[in-house]
Amino acid sequence: MMIVDLGCSTGPNALALVSITVEAIHANCLQFQQPPPEVCVLLNDLPENDFNTVVKSLVTLRQSSDPVAVTGITPGSFYERLFTSESLHLVCSSNSLHWLSKHMTLMSILGMKGSSHGA
Ligand SMILES: C[S@@+](CC[C@H](N)C(=O)[O-])C[C@H]1O[C@@H](n2cnc3c(N)ncnc32)[C@H](O)[C@@H]1O
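Just so you know, numbering that gives the first Met the number 0 puts 115 at position 116 of the sequence shown, and the rest follows in order with no gaps.
Listed below in structure tokens is the structure:
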């Protein structure tokens, strides 16, 4: 399962959203007596973000949230193509959406074809 946080920033909040997401997935699987899925967590922000600090937190997340199998950084603007088509299962973004200077749709993030209505 591929999860991405767009505009993760750095510091304590950088992993907050994805950590909660992974915990919720695990709790849900536990409730329905299903094994938790392997999870890949990707963090995105602009290239000038302090990714050195973020990477250290990512290692902690990988060690504490078994079976988070893979973690990674995807630097770049979320206005650009960052991921391959239909590769993401869950996209989160906190405190970034109000910064938007352009219209962005879920379909465009996921690299899917088709029309959509609203951001
Ligand atoms: C206010 S911080 C939010 C940080 C964190 N997500 C949180 O909720 O606390 C907004 C972040 O969005 C990033 N950001 C703004 N525009 C972006 C873009 N076009 N692509 C990727 N990240 C962007 C900024 O660099 C900044 O780190």
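Every residue, glycine too, gets a C-beta built ideally from N, C-alpha and C.
- Helix, strand or coil at CYS7 according to DSSP, with G and I counted as helix: Taking the first residue of the sequence shown as position 1, residue 7 is located at position 8. Annotated three-state conformation of CYS7 is coil, per DSSP.
- Task: Taking only runs that begin and end inside the segment 49-92, name each unbroken beta strand (DSSP E) of 3 or more residues, in chain order.
- Result: Inside the segment 49-92, DSSP marks whole beta strand (DSSP E) runs of 3 or more residues at positions 67-74 and 89-91, from first to last along the chain.
- Could you spell out where the beta strand (DSSP E) holding ASN27 opens and where it closes? Sequence index remark: in the sequence shown, residue 27 carries index 28 (1-based). Here ASN27 belongs to no beta strand (DSSP E); instead the alpha helix (DSSP H) covers 15-30.
- Message: ligand 1 and PHE77: does any heavy atom of the ligand fall closer than 7 angstroms to the residue's C-beta?
- Response: Within the sequence shown, the letter at position 78 stands for residue 77. Answer for PHE77: yes, Cβ within range of ligand 1.
- Can you name the start and end residues of the beta strand (DSSP E) that ASN43 belongs to? In the sequence shown, the residue the question calls residue 43 occupies position 44. Looking at the DSSP string, the run of the beta strand (DSSP E) that includes ASN43 is 38-44.
- Should the segment 20-33 be regarded as contacting the segment 47-57, the criterion being three or more beta carbon pairs within less than 8 angstroms? Contact fails: fewer than three Cβ-Cβ distances are below 8 angstroms.
- Message: Can you give me the C-alpha to C-alpha distance between LEU45 and PHE82, rounded to a whole angstrom?
- Response: Position 46 of the sequence shown holds residue 45. Position 83 of the sequence shown holds residue 82. Approximately 15 angstroms, taken between the alpha carbons.
- Message: Just list the residues that DSSP pairs MET1 with in beta bridges.
- Response: Within the sequence shown, residue 1 is the residue found at index 2, counting from 1. When DSSP reads this structure, MET1 sits in a beta bridge with CYS39.
- Roughly how many angstroms lie between the CA atoms of CYS119 and VAL69, to the nearest whole one? Because the chain is modelled from 0 through 118, residue 119 falls outside the range shown and cannot be assessed.
- Task: Assuming LEU5 contacts SER92 (C-beta within less than 8 angstroms), just tell me the rounded distance between them.
- Result: Start at 1 with the first residue of the sequence shown, and residue 5 comes out as number 6. Start at 1 with the first residue of the sequence shown, and residue 92 comes out as number 93. Correct: roughly 4 angstroms between the Cβ atoms.
- Message: Taking the alpha carbon of ASP49 as the reference point, which residue from MET1, GLY75 and HIS88 has its own alpha carbon closest?
- Response: Locating residue 49 in the sequence shown gives position 50, where the first residue counts as 1. The shortest C-alpha separation from ASP49 is found at GLY75.
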